[in-house]
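Peer 1: Counting in this note's numbering, the sequence shown runs from 203 upward without gaps. Glycine included, every Cβ here is placed at the ideal spot set by N, Cα and C. Pasting in a structure now, in structure tokens, and then I'll have a few things to ask.
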Amino acid sequence: MADDEVAERDKAPEPAPSQAEDVVAENEPAAEEASAAEPPAAEAEPPAAELPAAEVEPPIAAAEPSAAEPTLVNAETSPPEAEPAAGPEPVAGTDLFADDLLGELLETPALPPPPETPARKLRKGLARSMMVIGLALGLFVILYAIDLIASAGDVPRGVTVAGIDVGGLTHAEAEAKLRKELEPRLTRPVLVRGGDVRAELVPAQSGLGLDWPNTLGLAGHQPLSPITRIMSFFTSREVGVATRTDPGQISQAVRALADGKINHAATEGAVGFMPIQGSDGGVTPYPILPRQGQQLTDLDRAVRTVTDHWLDRGGVDLPMAITPVKATAAGVQAAFRQIVQPAVAKPVVVHGQGKDVPLKPDAIAGSFQFAAVEGGAVEVRIDQGKLQAALKDGLASTETDGRNAQIVFTGDQPAVEPSEDARKVNWEKTFLPLIDVLKKTDGRDLPVVYSASKPAVTTDAAGALGIKEVIGEFTTGGLAGPAATNNRTLAARVSGTIVKPGETFSLGGRSGPRTADNGYVPAPVDEDGTGAAVVGGGVSQLASTLYNAGYLAGLADGGHLEHDHYLDRYPAGRDAKAVNADGSPVELQLTNDSPTGIAIQATVSGDSVTVRIWGTRHYRVESQTGAQTPGDPPPVQFGGTEPCAPSIGTPGFSVTDTRVLYDVASGAEVRRTTHTATYGPRPTILC
203 MADDEVAERD KAPEPAPSQA EDVVAENEPA AEEASAAEPP AAEAEPPAAE LPAAEVEPPI
263 AAAEPSAAEP TLVNAETSPP EAEPAAGPEP VAGTDLFADD LLGELLETPA LPPPPETPAR
323 KLRKGLARSM MVIGLALGLF VILYAIDLIA SAGDVPRGVT VAGIDVGGLT HAEAEAKLRK
383 ELEPRLTRPV LVRGGDVRAE LVPAQSGLGL DWPNTLGLAG HQPLSPITRI MSFFTSREVG
443 VATRTDPGQI SQAVRALADG KINHAATEGA VGFMPIQGSD GGVTPYPILP RQGQQLTDLD
503 RAVRTVTDHW LDRGGVDLPM AITPVKATAA GVQAAFRQIV QPAVAKPVVV HGQGKDVPLK
563 PDAIAGSFQF AAVEGGAVEV RIDQGKLQAA LKDGLASTET DGRNAQIVFT GDQPAVEPSE
623 DARKVNWEKT FLPLIDVLKK TDGRDLPVVY SASKPAVTTD AAGALGIKEV IGEFTTGGLA
683 GPAATNNRTL AARVSGTIVK PGETFSLGGR SGPRTADNGY VPAPVDEDGT GAAVVGGGVS
743 QLASTLYNAG YLAGLADGGH LEHDHYLDRY PAGRDAKAVN ADGSPVELQL TNDSPTGIAI
803 QATVSGDSVT VRIWGTRHYR VESQTGAQTP GDPPPVQFGG TEPCAPSIGT PGFSVTDTRV
863 LYDVASGAEV RRTTHTATYG PRPTILC
């Protein structure tokens, strides 16, 4: 029976070992001996499993040692003494306890799970990741294969041709769609933008056409790259069109378009003016906005751009070289509104001496100059010279030229003619407040400011010059014809001239231009009536007469030229010409190097010319003329001017003249000057 119970315990589940079981295991031999000593029970008890749960009380607690009873753990062979039984004990309870105890002793304890180290966790994570990646790759391959099979033979997704979406269509569908939408564009003008200019290019006239087979080929075929296929869901790809071109024609068309419409210079911005018809100088201003300069410099690149994009919906943008400007539209508008508009709204009344002159809006507008500055502003500047030109004629009568004091001759005595101050418009001071006046809408008045200037010779100065007697006088004759008129005109301009000490008299400066407007007439160049007729001809007679008068007065020679050939009306070596054979003037200058002033008196009477030099005598003059040195013989000339006048020629020669000046008071020689004159021959005229 004990063997059966052991077998039954082996079949029962083994509970996990505990500290109490370890104690029981140590006393297992003693327990077995006690079991063997017990007498077998008289009657079999029902199995413990059949007892009520409340009646089964395993006596484990009686066998467990406590911490207070260590001696129980060390018990070896002595069995416990039997107590007197009050009644019969159930044997089954003892067997059940023994069976449970044996099962606990024979049960193999379960091993604890290994600890979770970082390496173990990493291996688990990698395993899971590889599993997920494997599943994803497998799914991707399946989807890629499905997409590749489904779209075989179609145009790739996202493809556009000239802006037309043909992605995902079959090639037949793509061709039909392209022909439907592109064919109408082939005849429409192409929008071309170059910088700030929009123009049009006619394809048929520019050598542009569409190459249909190659255009359809550009759409391409299905890509095998999975990345490309994925990106096609989110992006588009423009492949353009294949163009059939005439290179020469398209280059010429683009160049003509650029030169005629697109290229232009930079404009910094200004204000323009439009005349108001029927008004007295009124103008309407308008702003000229700044504009960048632009030039098509790369023709080949421009042609490629047109060829590649002429069918794009948005047109073609040409590459331009841009020249920026400083001015801005805001800067131009500010100058237009704040300055220009009020400035030309009404005339400005300029108040002169006894005369008012209007400064009209068109004259004001014509004086404006516009300049762009840093920051985009536009400066308005006024050209005062243009305003002066607009007002000068109107204010001329309010000005006086002034006049030097002159010596006038009444009878044989000189008298001083008073000088006059000059009164001239001071344009700089007059225009000083103009800017403020132009800003006004009313009260646009501008007073003229004059400046007075003293003459070079005042009345008092002329009276103190010591002009009291004739110190040099000379007369020449033989004057005739129109030359007399010219000499009389020149004498009137020269007579009365005052030359102060240290000054130089200029015949050309005093006479002014010898023109018909100044009283000169055509006459033969030479005083004797020979030579070509020129305006102012023959005045060399007054020049020679003046030279000799100055020679005798002791004036210094400031520069002169003798005649080309000798004229016997003047002393040899003491003549001066005033006009060349071609009519151009020749200068004569005399310098007053005395301590007192001089005055010139010139008169023409009949056939003679007389010049007197008035002043204070300081010198006695002596002239020494040397012998003539023969020169070239006279040439023979057949014919000549019409009508022909025969004449006998004269040979050329040279002569030296010496002038000696003696001091009047002491008689001592002051200086001596020598001049050599060379004359050419005069031809013999044969008719």
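Flag this pair as touching only if the region 510–529 and the region 358–366 have three or more C-beta atom pairs under 8 Å; answer yes or no.
Peer 2: As far as the Cβ criterion goes, the region 510–529 touches the region 358–366, which means the pair count is three or higher.
Peer 1: Can the beta-carbon of residue 758 be found closer than 8 Å to that of residue 813?
Peer 2: No, they are not a contact pair.
Peer 1: How is residue 729 classed by DSSP in three states: helix, strand or coil?
Peer 2: In the structure shown, residue 729 sits in coil (DSSP, three-state: anything other than H, G, I, E or B).
Peer 1: Could you tell me the distance, in whole angstroms, from the CA atom of residue 824 to the CA atom of residue 863?
Peer 2: So the two alpha carbons sit approximately 7 Å from each other.
Peer 1: Threshold first: 3 residues or longer. Then list the beta strand (DSSP E) segments lying entirely within the region 783–851, N to C.
Peer 2: Correct list: 791–793, 800–807, 810–817, 821–827 and 838–840.
Peer 1: Shortest alpha-carbon distance to residue 688 belongs to which of 720, 670 and 676?
Peer 2: Minimum Cα distance to residue 688 is reached at 720.
Peer 1: Based on DSSP bridge pairs, tell me the residues matched to residue 411.
Peer 2: In the DSSP output, where bridge partners are listed per residue, residue 411 has 446.
Peer 1: Between the C-alpha atoms of residue 626 and residue 543, what's the straight-line distance to the nearest angstrom?
Peer 2: Going by the C-alpha atoms only, they are around 32 Å apart.
Peer 1: For a test of the three-state rule: what should DSSP assign to residue 401, helix, strand or coil?
Peer 2: In the structure shown, residue 401 sits in a strand (DSSP, three-state: E or B).
Peer 1: Consider the C-beta atom of residue 506 and the heavy atoms of the ligand GTP; say whether any pair is separated by less than 7 Å.
Peer 2: The ligand GTP is not part of the structure shown, which contains no ligands of any sort.
Peer 1: Skipping 5 residues on each side, what residues in its chain have a beta carbon closer than 6 Å to that of residue 795?
Peer 2: Result list for residue 795: 758, in chain order.
Peer 1: Mind reading off the beta-carbon distance from residue 853 to residue 835? Whole number of angstroms is fine, and I expect it under 8 Å.
Peer 2: Between residue 835 and residue 853 the Cβ distance is about 5 Å, and since that is below 8 Å, they are a contact.
Peer 1: Checking the sheet assignment: what are the DSSP bridge partners for residue 676?
Peer 2: Note: residue 676 sits in a beta bridge opposite 813.
Peer 1: Taking the continuous beta strand (DSSP E) assigned at residue 318, which residues delimit it?
Peer 2: Here residue 318 belongs to no beta strand (DSSP E), and DSSP marks it neither H nor E.
Peer 1: Mind checking residue 850: buried by the 16 CB within 10 Å criterion, or exposed?
Peer 2: Result: exposed.
Peer 1: Relative to the C-alpha of residue 696, which residue among 703, 709, 475 and 549 is closest?
Peer 2: It is 709 whose Cα lies nearest to the Cα of residue 696.
Peer 1: May I ask you to list the residues that DSSP assigns as paired with residue 491?
Peer 2: Residue 491 is not bridged to any residue.
Peer 1: Excluding the 5 residues preceding and the 5 following residue 526 in the sequence, name in chain order all residues of the same chain whose CB lies nearer than 7 Å to its CB.
Peer 2: If we look at residue 526 and ignore the five residues flanking it on each side, its Cβ neighbours are 494.
Peer 1: Which residues does DSSP pair with residue 859 in a beta bridge?
Peer 2: Note: residue 859 sits in a beta bridge opposite 827 and 877.
Peer 1: Would you identify the three-state DSSP class for residue 899, choosing helix, strand or coil?
Peer 2: Here the chain comprises residues numbered 203 to 889, so residue 899 is not present and cannot be evaluated.
Peer 1: Taking contact to mean at least 3 C-beta pairs separated by less than 8 Å, is the region 726–742 in contact with the region 645–657?
Peer 2: No: fewer than three Cβ pairs fall under 8 Å.
Peer 1: At 3 residues or longer, what runs of the beta strand (DSSP E) sit wholly inside the region 510–587?
Peer 2: Listed in chain order, they are 523–525, 550–554, 557–561, 570–574 and 580–584.
Peer 1: Can you give me the C-alpha to C-alpha distance between residue 760 and residue 707, rounded to a whole angstrom?
Peer 2: Cα to Cα, the separation comes out at about 8 Å.
Peer 1: Between the alpha carbons of residue 555 and residue 593, how many angstroms are there, rounded?
Peer 2: Cα to Cα, the separation comes out at about 13 Å.
Peer 1: Which partner residues does residue 384 have in the DSSP bridge list?
Peer 2: Looking at the DSSP assignment, residue 384 forms no beta bridge with any residue, so it has no partner.
Peer 1: Flag this pair as yes or no: are the beta carbons of residue 531 and residue 492 separated by less than 8 Å?
Peer 2: Yes, they are a contact pair.
Peer 1: Which term fits residue 168, buried or exposed, when burial requires 16 or more other beta carbons within 10 angstroms of its beta carbon?
Peer 2: Nothing about residue 168 can be read from this structure; the chain reaches only from 203 to 889.
Peer 1: Determine which residues share a DSSP beta bridge with residue 395 and list them.
Peer 2: 400 and 519, per the DSSP bridge assignment.
Peer 1: So which of 449, 678 and 691 has the shortest CA-CA distance to residue 407?
Peer 2: Measuring from the Cα of residue 407, the nearest candidate turns out to be 449.
Peer 1: Are the region 495–508 and the region 474–484 in contact at 8 Å, needing three or more beta carbon pairs?
Peer 2: With a cut-off of 8 Å, the region 474–484 and the region 495–508 do not count as touching, because too few Cβ pairs lie within range.
Peer 1: Distance check for residue 704 and residue 665, CA to CA, integer angstroms please.
Peer 2: For residue 665 and residue 704, the distance between alpha carbons rounds to 17 Å.
Peer 1: Only counting runs of 4 or more residues, tell me where the alpha helix (DSSP H) segments fall wholly within the region 658–722, in order along the chain.
Peer 2: For the region 658–722, whole alpha helix (DSSP H) runs of length 4 or above, ordered along the chain, are 661–665, 684–696 and 709–713.
Peer 1: Just to confirm, is the Cβ distance from residue 639 to residue 550 under 8 Å?
Peer 2: Contact flag set, yes.
Peer 1: Residue 576 to residue 692, Cα distance in whole Å?
Peer 2: Residue 576 and residue 692: Cα-Cα distance of roughly 60 Å.
Peer 1: Assign residue 459 to one of three DSSP states: helix, strand, or coil.
Peer 2: Here residue 459 sits in helix by DSSP.
Peer 1: Is DSSP giving residue 885 helix, strand or coil here?
Peer 2: In this structure, residue 885 counts as coil in the three-state DSSP scheme.
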